[in-house]
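Engineer: Just dropping this structure here.
And the structure:
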């Protein structure tokens, strides 16, 4: 027995929707004889009369009305599939799990991700702020689709994309004597109470290296794992620090001022992805969005620091 085909069903649906062969042909972008032939073939295959001629037109039978209910249900399902494909193609659907180091997670990246989601109303997000080693571990174990971690990345087997690296800044309590200068150098910190990130971290190593090279002696009273805690201590008036620019900006209205620091110490980080599968298109879209935003961030930070 011959099988009905999709064009016959499409002609039947077009006829039911429009009520005439002429309009059905326009809807399908075919000729009227083509629609008539498709309807005849469908009736012959189903062995039932679907339309009755009344005057110059065709009227659907009770059998056609019953059949249309099933056909429309199928077409709605197909339209949903098509719509879903459009959403996927437009990177506007599905879910994305992100892990990011605290410097990014304490303000900057959530705002960026919020704008990103507004343009993709059907995209859901899970967002975690954890230290870089945990970011790498979660991505490595497929617990997240993308991670943002400070370099060097502890696991060399993870695919990664390096992002623009803004410069670290000096952070001082409001009213501190060093805030009168536009640019600070290691020698300015001689004898200053200094708040550091924990020993063993790459950030701590880079900062200590600069001061040791210039033979500057700081009073190292506090160390912490988080830049947010570091800036909180600075805001209390206890001491000064060298900090990533993201956290420094979050504290710009909370008793902390930032100044340009030379020699420049870049804050370097990468986007990392699970090794067992290709990065999702929406994850790559987020990275590209972030890349462009970071270029603007660097320009804004330079302008703000220049303005004092």
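Residue numbers (the working numbering): 16 to 323.
Don't be surprised by glycine CBs; every beta carbon is placed ideally from N, CA and C.
For clarity, every value in this text was computed on a predicted model and none was experimentally measured.
What first and last residue would you give for the alpha helix (DSSP H) that runs through residue 246?
Structural biologist: Against the chain shown, residue 246 aligns to sequence position 231. Residues 242 to 250.
Engineer: Which residues in the same chain have their Cβ closer than 6 Å to the Cβ of residue 366, if we skip the five residues on either side of it in sequence?
Structural biologist: Here the chain has residues from 16 to 323 only, and residue 366 is not among them.
Engineer: Pair every Cβ in the region 153 to 168 with every Cβ in the region 105 to 124, then say whether three or more of these pairs are closer than 8 Å.
Structural biologist: A contact exists between the region 153 to 168 and the region 105 to 124.
Engineer: Have a look at residue 262 and residue 137 and give me their C-alpha separation to the nearest angstrom.
Structural biologist: Along the chain shown, read from residue 1 onward, the residue named residue 262 stands at position 247. Along the chain shown, read from residue 1 onward, the residue named residue 137 stands at position 122. Roughly 30 Å between the two C-alpha positions.
Engineer: At what residues does the beta strand (DSSP E) containing residue 227 begin and finish?
Structural biologist: Taking the chain shown and counting its residues from 1, the one referred to as residue 227 is at position 212. Element bounds for residue 227: not the beta strand (DSSP E) but the alpha helix (DSSP H), 217 to 228.
Engineer: Restricting to Cα atoms, I'd like to know which of 266, 320, 287, 280 is closest to residue 123.
Structural biologist: Residue 123 sits at position 108 when you count from the first residue of the chain shown. For the residues 266, 320, 287, 280, the minimum Cα distance to residue 123 belongs to 266.
Engineer: Taking the continuous alpha helix (DSSP H) assigned at residue 46, which residues delimit it?
Structural biologist: By 1-based counting over the chain shown, the position of residue 46 is 31. Where residue 46 is concerned, there is no enclosing alpha helix (DSSP H), given that its DSSP letter is neither H nor E.
Engineer: Since residue 142 and residue 128 are thought to touch, with beta carbons under 8 Å apart, how far apart are those beta carbons, to the nearest angstrom?
Structural biologist: The residue labelled residue 142 in the question sits at position 127 within the chain shown. The residue labelled residue 128 in the question sits at position 113 within the chain shown. That pair is a contact at about 6 Å.
Engineer: Where does residue 16 sit, in a helix, a strand or coil, going by DSSP?
Structural biologist: Translated into the one-based positions of the chain shown, residue 16 becomes position 1. Caution is warranted here: a pLDDT of 49 is assigned to residue 16, below 50, making its placement in the model unreliable, and no coordinate value can be reported.
Engineer: Count the CB pairs spanning the region 293 to 304 and the region 186 to 196 that are closer than 8 Å, and state whether there are at least three.
Structural biologist: With the cut-off at 8 Å, the region 293 to 304 and the region 186 to 196 do not touch.
Engineer: Rounded to a whole number of angstroms, what is the C-alpha to C-alpha distance between residue 215 and residue 188?
Structural biologist: Along the chain shown, one-based indexing puts residue 215 at 200. Along the chain shown, one-based indexing puts residue 188 at 173. For residue 215 and residue 188, the distance between alpha carbons rounds to 26 Å.
Engineer: Span of the beta strand (DSSP E) holding residue 35?
Structural biologist: Position 20 of the chain shown, counting from 1, holds the residue named residue 35. Note, residue 35: premise wrong, no beta strand (DSSP E); not H, not E.
Engineer: Is it true that the region 223 to 243 meets the region 164 to 173, where meeting means three or more beta-carbon pairs spaced less than 8 Å apart?
Structural biologist: Because the criterion of three Cβ pairs below 8 Å is not met, the region 223 to 243 and the region 164 to 173 do not touch.
Engineer: May I ask which residues mark the beginning and end of the beta strand (DSSP E) holding residue 149?
Structural biologist: Looking up residue 149 in the chain shown gives position 134. Taken as a continuous stretch (DSSP letters only), residue 149 belongs to no beta strand (DSSP E), being part of the alpha helix (DSSP H) at 147 to 155.
Engineer: In three-state DSSP terms, what is residue 275?
Structural biologist: The sequence position of residue 275 within the chain shown is 260, counting from 1. Reduced to three states, the DSSP call for residue 275 is strand.
Engineer: Closest to residue 278 by CA distance: which of 30, 221, 264 is it?
Structural biologist: Position 263 of the chain shown, counted from the start, is the residue given in the question as residue 278. Nearest option by C-alpha distance: 221.
Engineer: Where does residue 243 land, buried or exposed, given buried means 16+ other C-beta within 10 angstroms?
Structural biologist: Within the chain shown, residue 243 is the residue found at index 228, counting from 1. Classification for residue 243: buried.
Engineer: Are the region 165 to 179 and the region 203 to 218 touching, with three or more C-beta to C-beta distances below 8 Å?
Structural biologist: Cβ pair count under 8 Å is three or more, so yes.
Engineer: Please tell me whether residue 139 and residue 291 are closer than 8 Å, where the distance is taken between their beta carbons.
Structural biologist: The residue labelled residue 139 in the question sits at position 124 within the chain shown. The residue labelled residue 291 in the question sits at position 276 within the chain shown. Taking 8 Å as the Cβ cut-off, residue 139 and residue 291 do not qualify as a contacting pair.
Engineer: 8 Å is my cut-off, CB to CB: does residue 81 come that close to chain B?
Structural biologist: This model lacks chain B altogether; it includes just one protein chain.
Engineer: Could you please give the first and the last residue of the uninterrupted beta strand (DSSP E) stretch that includes residue 263?
Structural biologist: As a first step, residue 263 is located in the chain shown; it is residue number 248 there, counting from the start. Run containing residue 263: none in the beta strand (DSSP E); it sits in the alpha helix (DSSP H), 260 to 265.
Engineer: Should residue 16 be labelled buried (16 or more other beta-carbon atoms within 10 Å of its own) or exposed?
Structural biologist: For the purposes of this step, residue 16 is taken as the residue at position 1 of the chain shown. For residue 16, the pLDDT reaches just 49, beneath the cut-off of 50, and the residue's location in the model is therefore unreliable, leaving the point undetermined.
Engineer: Report the three-state DSSP secondary structure of residue 67 (helix, strand or coil).
Structural biologist: Translated into the one-based positions of the chain shown, residue 67 becomes position 52. Strand, per DSSP.
Engineer: Taking only three categories from DSSP, how would you classify residue 314?
Structural biologist: Along the chain shown, one-based indexing puts residue 314 at 299. In this structure, residue 314 counts as helix in the three-state DSSP scheme.
Engineer: State yes or no: is the C-beta of residue 39 within less than 8 Å of the C-beta of residue 59?
Structural biologist: Reading the chain shown from its first residue, position 24 is the one you call residue 39. Reading the chain shown from its first residue, position 44 is the one you call residue 59. Not closer than 8 Å, so no.
Engineer: If contacts are defined as beta-carbon pairs under 8 Å, then residue 313 and residue 179 qualify, I think. What distance do you get, rounded to the angstrom?
Structural biologist: On the chain shown, position 298 is the one that residue 313 refers to. On the chain shown, position 164 is the one that residue 179 refers to. Yes, they are in contact, since the Cβ atoms of residue 313 and residue 179 sit about 7 Å apart, within 8 Å.
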